[in-house]
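As structure tokens, the structure follows; a few thoughts come after it.
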Amino acid sequence: MTYFKSLIINFLTVFFVNHVIPNVEIDYYSKLPHIGGDLIFAFSVGFLNSLIYPVIVFFKIKPSHFKVGLSSFIISFAAYSIVNILPVGIKVTAVGAYIWTSLIVWFVSYLTNHLELKRYMREKEVK
25 MTYFKSLIIN FLTVFFVNHV IPNVEIDYYS KLPHIGGDLI FAFSVGFLNS
75 LIYPVIVFFK IKPSHFKVGL SSFIISFAAY SIVNILPVGI KVTAVGAYIW
125 TSLIVWFVSY LTNHLELKRY MREKEVK
């Protein structure tokens, strides 16, 4: 899986999870004209989640499933925690919605980064 595919999948996951899960309120009247806060939030979280594997490789840290999973877990849960503090256009009003949105985003992020890790391991075996 390439970085661009990972970015698109993570962006779409965050965007649709925000619209489908109950008790996630979206403020359409953002301070930015013609761009909702949900799009900015979805892009930023998708961008961060798609950068996990490339950052691990860039810093020459030995990639593992645990490191990828923990990194995506922290990013996903922290992003939805920060949403209630900063006025970005999204509010999570129930604990259940917070848990479900974070878990779904974490799982898809882990899956996309897992595919990158799998490709890396396959290339390493060939060499």
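Just add 24 to the spot in the sequence shown (first one is 1) and you have my numbering.
A virtual CB, placed ideally from N, CA and C, is assigned to each residue, including glycine.
Contact belief for residue i with residue j at Cβ below 8 Å, rounded distance in angstroms
i, j, result
"Tyr104", "Ser126", "5 Å"
"Ile114", "Val107", "5 Å"
"Val132", "Ile50", "No, Val132 and Ile50 are not in contact; Cβ-Cβ is about 19 Å, not under 8 Å."
"Trp130", "Ile45", "With 8 Å as the limit, Trp130 and Ile45 do not qualify as a contact, their Cβ atoms being about 14 Å apart."
DSSP state of residue i mapped onto helix, strand, coil
i, result
"Ile99", "helix"
"Ile154", "This structure does not reach residue 154, given that the chain is present from 25 up to 151, and the question cannot be answered."
"Arg45", "Correcting the residue type first, residue 45 is Ile in the shown sequence and not Arg. Of the three classes helix, strand and coil, the one that applies to Ile45 here is coil, per DSSP."
"Ile32", "helix"
"Ile64", "helix"
"Ile85", "coil"
Residue j beta carbon less than 8 Å from that of residue i
i, j, result
"Ser68", "Thr136", "no"
"Val92", "Ile109", "no"
"Val48", "Ala121", "yes"
"Ser96", "Ile76", "yes"
"Gly70", "Val38", "yes"
Same chain only: Cβ atoms within 6 Å of residue i, ignoring 5 sequence neighbours per side
i, result
"Phe65", "Val112, Ile114"
"Leu72", "Ile99"
"Ala118", "Asn47"
Residues near residue i by beta carbon distance below 8 Å, same chain, minus five either side
i, result
"His89", "His138, Leu141"
"Ile85", "Lys91"
Close-in-space but distant-in-sequence residues of the same chain around residue i (CB under 7 Å, 5 per side omitted)
i, result
"Tyr27", "Ser74, Pro78"
Quick check on the DSSP output: what are the complete beta strand (DSSP E) runs of length 3 or more inside the stretch 108-145, in order along the chain? 114-116
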